[in-house]
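Protein chains: 2
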Amino acid sequence: MDYPKKVKIREVCTRDGFQMEREFIDTDKKIEIIDLLSECGFADIQYTAFVHPRAVPNLKDAEVVSQRIKRVPGVTYSALVANEKGFERAVAAGVKTVEFVLSATDSHNINNVNATTKESLQRVEECLKKDSDCLIMPGAAVAFGCPFEGVVPFERVKWIFQHYVDWGLTEVSIADTTGMANPIQVYDTIARLLDLFPDLELALHVHNTRGMALANIFAGIQAGAKVIDSAAGGLGGCPYAPGATGNIATEDVIHMLDLMGVETGVNLDKVITAANKVREVVGHSDSYILKAGKAFDLVKEKPKKQT
Amino acid sequence: MDYPKKVKIREVCTRDGFQMEREFIDTDKKIEIIDLLSECGFADIQYTAFVHPRAVPNLKDAEVVSQRIKRVPGVTYSALVANEKGFERAVAAGVKTVEFVLSATDSHNINNVNATTKESLQRVEECLKKDSDCLIMPGAAVAFGCPFEGVVPFERVKWIFQHYVDWGLTEVSIADTTGMANPIQVYDTIARLLDLFPDLELALHVHNTRGMALANIFAGIQAGAKVIDSAAGGLGGCPYAPGATGNIATEDVIHMLDLMGVETGVNLDKVITAANKVREVVGHSDSYILKAGKAFDLVKEKPKKQT
Chain H
40 MDYPKKVKIR EVCTRDGFQM EREFIDTDKK IEIIDLLSEC GFADIQYTAF VHPRAVPNLK
100 DAEVVSQRIK RVPGVTYSAL VANEKGFERA VAAGVKTVEF VLSATDSHNI NNVNATTKES
160 LQRVEECLKK DSDCLIMPGA AVAFGCPFEG VVPFERVKWI FQHYVDWGLT EVSIADTTGM
220 ANPIQVYDTI ARLLDLFPDL ELALHVHNTR GMALANIFAG IQAGAKVIDS AAGGLGGCPY
280 APGATGNIAT EDVIHMLDLM GVETGVNLDK VITAANKVRE VVGHSDSYIL KAGKAFDLVK
340 EKPKKQT
Chain C
40 MDYPKKVKIR EVCTRDGFQM EREFIDTDKK IEIIDLLSEC GFADIQYTAF VHPRAVPNLK
100 DAEVVSQRIK RVPGVTYSAL VANEKGFERA VAAGVKTVEF VLSATDSHNI NNVNATTKES
160 LQRVEECLKK DSDCLIMPGA AVAFGCPFEG VVPFERVKWI FQHYVDWGLT EVSIADTTGM
220 ANPIQVYDTI ARLLDLFPDL ELALHVHNTR GMALANIFAG IQAGAKVIDS AAGGLGGCPY
280 APGATGNIAT EDVIHMLDLM GVETGVNLDK VITAANKVRE VVGHSDSYIL KAGKAFDLVK
340 EKPKKQT
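Chains as they are written, first to last, in my numbering: chain H, 40 to 346; chain C, 40 to 346.
If you want it as structure tokens, here you go:
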């Protein structure tokens, strides 16, 4: 069985998790949580989004948060944008890496950012032309299944990534935004993409809506995904499955990868501390490790290697 | 990627799930649920246990249940036993297949059935010598991790299965009883066992205590596991992690395997009906599909094949 000895983790709790929270989360609390996350060893913390405050009221303080968080050297502090306006705000706020959100299907993209996929690709291209030192990491949301259109044909996903490759971009992401992907599909899709575009550093973003997130991550890293997205406390969700689980919890991902011997650079106990803080602030969480504890918590002699 | 086109499912809700329920479940309700499960297409329904009623009060009606359930041709109706007394009760009740429970570690086995692993192996051997037409399927519980002893060395697991092979048994099971296994460990352990004992038809029993159950199943079938245990409604649990998730929900397993194109013979919609009945009867469940619905429920055009 082929799997990597090392993957990067991108923490998205305060962006993808907080954007779904109905009650406004106090800016100081956000900063406190991001600062806790900064101590964990993540490669990347996607800490906010520069989007319209009417669309995502909870992230209307993106500028203030950007100013006040402590930045730990070696950590990328990225933000999400959906159009040129957001990109300009992010650049003005000093953001050096943005994820540009774009859905694989027109239906979802129109619903999400009021543009067709092609129009969003043009938005990315316009931003790439701007004179900035900000890295643009675009991706493909609902790349495995769309709540409106169903299964997304591989050719559609390929068409999107072909644009990124043509523009010289290598750091890109692929998302199972609504938790519809299965491990074989994740494996096949990523393997085929990397076969076509071997230079891509592909980030895999999975939701645990139907319990398959860790299986999909396991399949994804077998196929060559290099970055895994997750959210401390398992926050987030999907408007199409109210009450369902959202992002896979970072502590559940790190717990599994630690046991598997896959290096992430992330300290699980520090993530658990941050996730507990997240739960305290928002009043809920969806995390196996917060509920059950780590596998070997009860055992005196901790495992070094499993097999 | 190697994975089978077909696996068998053993449904264990009314045994492994119900044994953990504090309130006695009415015998008629048990029978109603087992009869619903009989319509789903399972290879095997482990419907009860013949164990001491003080140890597992909820299954004290094993004999009555055995008499009154409807038996669908082609379905194996198995029961769990822990010693010769239980085996004799099962045989007297007409059971034709028993799982003989036995833990990989002495600590867990003493705690569970008041015997060392070696003593339990002797119990199995005694039962095999009896003149009965009942198939004995033994296994190894806590084979990946033990809440008392930690990681279980592969040599210990091999030593147990060597006994089964020496006795000519091929249908055996391996269990992550307390949800401590990770996918690489599951893959390696099963691959090594099947390398040593290629004739085994290995059933994999996983709990979702730390969210890894579907990943472990995905790893297990890649390594050659032929049978998957699961419990409708995700019932069950573990005394060492109170409040944590127990058995992986059958509907979550079938949903994933259906999407992956792995044939089980099980009808997902009928399982969902049975799981809803389970939830109605016991008042709770732990199931992604009952919460979120199937991946393509919202989509008009259902997928035939994902990729």
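All C-beta atoms in this analysis are idealised placements derived from N, C-alpha and C, irrespective of residue type, glycine included.
Would you tell me roughly how many angstroms separate the C-alpha atoms of residue i and residue j, rounded to the nearest one?
i, j, result
"GLY189(H)", "LYS333(C)", "12 Å"
"TYR226(C)", "TYR42(C)", "12 Å"
"GLY67(C)", "ASN153(H)", "The question names Gly, but residue 67(C) in the sequence shown is Asp. About 55 Å."
"VAL90(H)", "ARG54(H)", "11 Å"
"ALA258(C)", "GLU302(C)", "17 Å"
"ALA288(C)", "PRO112(C)", "24 Å"
"ALA220(H)", "GLN106(H)", "37 Å"
"VAL204(H)", "PHE236(H)", "7 Å"
"ASN151(H)", "ALA82(C)", "44 Å"
"THR346(H)", "PHE200(C)", "A caution first: THR346(H) carries a pLDDT of 41, below 50, which makes its placement in the model unreliable, though a value can still be read off. Each residue's Cα considered, the two are about 17 Å apart."
"GLU71(C)", "ALA129(C)", "21 Å"
"TRP198(H)", "ASP215(H)", "17 Å"
"LEU241(C)", "LEU296(C)", "18 Å"
"LYS44(H)", "ALA252(H)", "20 Å"
"LYS99(C)", "SER146(H)", "55 Å"
"LYS344(H)", "GLY304(C)", "Caution is warranted here: a pLDDT of 49 is assigned to LYS344(H), below 50, making its placement in the model unreliable, and the coordinate value is therefore given only provisionally. In a straight line, the C-alpha of LYS344(H) is about 37 Å away from that of GLY304(C)."
"THR115(H)", "ALA121(H)", "19 Å"
"VAL181(C)", "VAL103(C)", "30 Å"
"GLU194(C)", "GLN224(C)", "14 Å"
"ASP185(H)", "VAL245(H)", "Here residue 185(H) is Cys; the residue named in the question, Asp, does not match the sequence. Those two C-alpha atoms are separated by around 13 Å."
"ALA280(C)", "ALA331(H)", "6 Å"
"GLN85(C)", "ALA254(C)", "23 Å"
"LYS316(C)", "LYS339(C)", "27 Å"
"THR170(H)", "ASP308(C)", "Rather than Thr, the amino acid found at residue 170(H) in this sequence is Asp. So the two alpha carbons sit approximately 55 Å from each other."
"HIS323(C)", "GLU290(C)", "15 Å"
"GLU50(C)", "GLU165(C)", "27 Å"
"THR228(H)", "GLY178(C)", "37 Å"
"ILE311(C)", "LEU208(H)", "44 Å"
"GLY133(C)", "GLY272(C)", "28 Å"
Contact criterion: CB-CB distance below 8 Å. Does residue i meet it with respect to chain C?
i, result
"ASP234(H)", "no"
"ARG249(H)", "yes"
"HIS294(H)", "yes"
"ALA313(H)", "no"
"ILE223(H)", "yes"
"PRO186(H)", "yes"
"THR284(H)", "yes"
"ALA271(H)", "no"
"ALA280(H)", "yes"
"ILE203(H)", "Residue 203(H) is actually Tyr in this sequence, not Ile. Chain C, which has no Cβ nearer than 8 Å to the Cβ of TYR203(H), makes this no."
"GLY275(H)", "no"
"GLY207(H)", "no"
Is the shortest distance between the beta-carbon of residue i and the beta-carbons of chain H less than 8 Å?
i, result
"HIS244(C)", "no"
"THR303(C)", "no"
"LEU119(C)", "no"
"GLY300(C)", "yes"
"ASP291(C)", "yes"
"GLY178(C)", "no"
"TYR226(C)", "yes"
"GLY113(C)", "no"
Name, in chain order, the residues that DSSP records as bridge partners for residue i.
i, result
"ASP65(H)", "Looking at the DSSP assignment, ASP65(H) forms no beta bridge with any residue, so it has no partner."
"PRO177(H)", "PHE139(H)"
"ALA88(C)", "LEU119(C)"
"GLY184(C)", "VAL190(C)"
"ARG49(H)", "ASP83(H), ASP268(H)"
"VAL211(C)", "LEU241(C)"
So residue i contacts chain B; which residues on that side make the cut at Cβ distance below 8 Å?
i, result
"ALA214(H)", "No chain B appears in the structure shown, which is made up of the protein chains H and C."
Problem - Residues, ordered as in the chain, of the stretch 148-168 of chain H that lie near chain C by beta-carbon distance below 7 Å - result: none
Exercise for the section: Could you name the residues of the stretch 252-266 of chain C whose beta carbon sits closer than 9 Å to any beta carbon of chain H, in the order they occur along the chain? Expected result: ALA252, LEU253, ALA254, ASN255, ILE256, PHE257, ALA258, GLN261, ALA262
Exercise for the section: Give the residues from the stretch 320-338 of chain H that approach chain C closer than 7 Å (Cβ to any Cβ), ordered along the chain. Expected result: TYR327, ILE328, LYS330, ALA331, GLY332, ALA334, PHE335, LEU337, VAL338
Handout entry: Chain-ordered residues of the stretch 56-70 of chain H with a beta carbon less than 9 Å from chain C
Key = none
Exercise for the section: Could you list the residues in the stretch 73-106 of chain C with a C-beta less than 9 Å from some C-beta on chain H, going in chain order? Expected result: none
Problem - Completely contained beta strand (DSSP E) runs for the stretch 146-170 of chain H, where each covers 3 or more residues - result: none
Problem - Continuous alpha helix (DSSP H) assignments of at least 4 residues falling wholly in the stretch 219-307 of chain H - result: 222-235, 252-262, 289-299
Exercise for the section: May I ask you to list, following chain order, the residues of the stretch 125-145 of chain H that have a beta carbon less than 8 Å from some beta carbon of chain C? Expected result: none
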